[in-house]
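A quick write-up on the structure given underneath.
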Amino acid sequence: MITTPRQKPVFRFAPSPNGPLHLGHALSAFLNDDMARAADGRLLLRIEDIDLTRCTPEFEAGIYADLTWLEIEWEQLVRRQSEHFAEYQAALHSLIERGLVYPSFLTRGEVKTRVAAYERISGPWPRDPDGTPHYPADDRDRSEEERDTMLLSGLKHAWRLDMNRAMELIGEPLFWTETGDERKGEILAEPAAWGDVVLSRSDAPSSYHLSVVIDDALQGVTHVVRGLDLFHATSVHRLLQNLLNLPQPVYHHHRLVVDADGRKLSKSEGDTGLAELRAKGLSAADIRRLVGL
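FYI, the numbering for the sequence shown is 3 to 295, going by the working numbering.
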């Protein structure tokens, strides 16, 4: 009897080099490493550097130093998103050709003004799970001729998913398998709650949503372990996986590390970084205890 070798589970830790890693990143890295070892699986490292204005080689070097100090080992080679823009653009163009994506021209300021004017008169404007207002329908409702004229004029624009058209095409509910800290089992995806999400901008050839599902598929990732702050975004990822005919991994959304005020740790808020803790003489074992492992 011929048996097929069991494919090892594949996990990935995927930080962005736009600031120093903090305790929240340490928890996610530890959990990915622990779960990969427990499953006799593989651990990949991916550098999510699509934001070319904020991501730097210095922060990337800091990631490697921090993970080495935490005694976490990952497979080489490391996938760096900035080296794969062509793959994201190919996926985007496939969606454009199917009429599922449209160019959007309104600036953030224009959207803010439109939403404020509406809410003064008519009440709350629809918002996504992160609290961001849904994009107005202006550009989605433009004729193809008008869109082409605006594109040829050189106006800056983003490319947005036509959520209504995408949901009509799918025609059935989407689910994902969740093994995380708050909810477990088959979770109903609700991508429409996000409105017409951005898939590409004039200053970034791909969005997080688009690049992450392509990366996970191309790297053969079977288990996505990440923070609860990305739980609801999984609905968008399941939709894109379906539209692009990509495999879906199992998801595990873990608790967040918060400060004394219950606020999620953030690079932008200057929360204590792992490098600073290392400089104070803490060990990897100390960090494990600090994040509750």
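Just so you know, even glycine gets a beta-carbon here, dropped at the ideal spot from N, CA and C. Remember, it's a predicted structure, so these values are computed and weren't measured experimentally.
- Where residue 214 is concerned, the enclosing alpha helix (DSSP H) starts and stops at 210-220.
- Rounded to whole angstroms, the gap between the alpha carbons of residue 105 and residue 195 is 20 Å.
- When DSSP states are grouped into helix, strand and coil, residue 188 belongs to the strand group.
- Comparing C-alpha distances from residue 49 to each of 93, 80, 219, 223 shows the shortest one belongs to 80.
- Counting only runs of 4+ residues, no alpha helix (DSSP H) is found wholly inside the segment 44-68.
- Straight-line measurement puts the Cα of residue 85 at about 14 Å from the Cα of residue 59.
- In the DSSP assignment, residue 12 forms a beta bridge with 44.
- Residue 294 counts as exposed, since fewer than 16 other beta carbons sit within 10 angstroms of its beta carbon.
- Runs of the alpha helix (DSSP H) lying entirely within the segment 104-158, each at least 4 residues long, are 110-124, 146-154 in chain order.
- Less than 9 Å separates the beta-carbon of residue 11 from that of residue 42.
- Between the segment 181-191 and the segment 211-218 there are fewer than three C-beta pairs closer than 8 Å, too few to call the two in contact.
- In this structure, residue 151 sits away from residue 13, with a CB-CB distance that is not shorter than 9 Å.
- Contact between the segment 157-176 and the segment 111-130 is absent: fewer than three C-beta pairs spanning the two stretches fall below 8 Å.
- Beta-bridge partners assigned by DSSP to residue 202: 161.
- Between the segment 229-240 and the segment 87-106 there are fewer than three C-beta pairs closer than 8 Å, too few to call the two in contact.
- DSSP, read as helix, strand or coil, puts residue 82 in strand.
- Residue nearest to residue 82 within the set 181, 75, 51 is 51 (criterion: CA-CA distance).
- In this structure, residue 65 lies away from residue 35, with their beta-carbon atoms at least 9 Å apart.
- DSSP lists 180, 226 as the beta-bridge partner residues of residue 253.
- Under DSSP, residue 24 takes part in a beta bridge, and its partners are 275.
- Residues 22, 23, 24 of the same chain have their beta carbon placed closer than 7 Å to that of residue 275, with the five preceding and five following residues left out of the count.
- A Cβ-Cβ separation of about 7 Å places residue 130 in contact with residue 136 under the 8 Å criterion.
- A distance below 6 Å between beta-carbons, with the five flanking residues on each side excluded, links residue 183 to the following residues of its chain, in chain order: 256, 257.
- In the three-state scheme derived from DSSP, where H, G and I count as helix and E and B as strand, residue 238 is classed as helix.
- Secondary structure at residue 77: strand, using DSSP grouped into helix, strand and coil.
- Boundaries of the alpha helix (DSSP H) harbouring residue 87: 87-99, taken from the DSSP string.
- Under a 10 Å Cβ-count criterion, residue 70 is classified as exposed, with fewer than 16 other Cβ atoms of the shown protein chains found around its own Cβ.
- When only Cα atoms are considered, residue 93 and residue 158 end up about 21 Å apart.
- Residue environment for residue 207: buried (at least 16 other C-beta atoms within 10 angstroms of its C-beta).
- By the 16-neighbour rule on beta-carbons within 10 angstroms, residue 173 is exposed.
- In the structure shown, the three-state DSSP call for residue 292 is helix.
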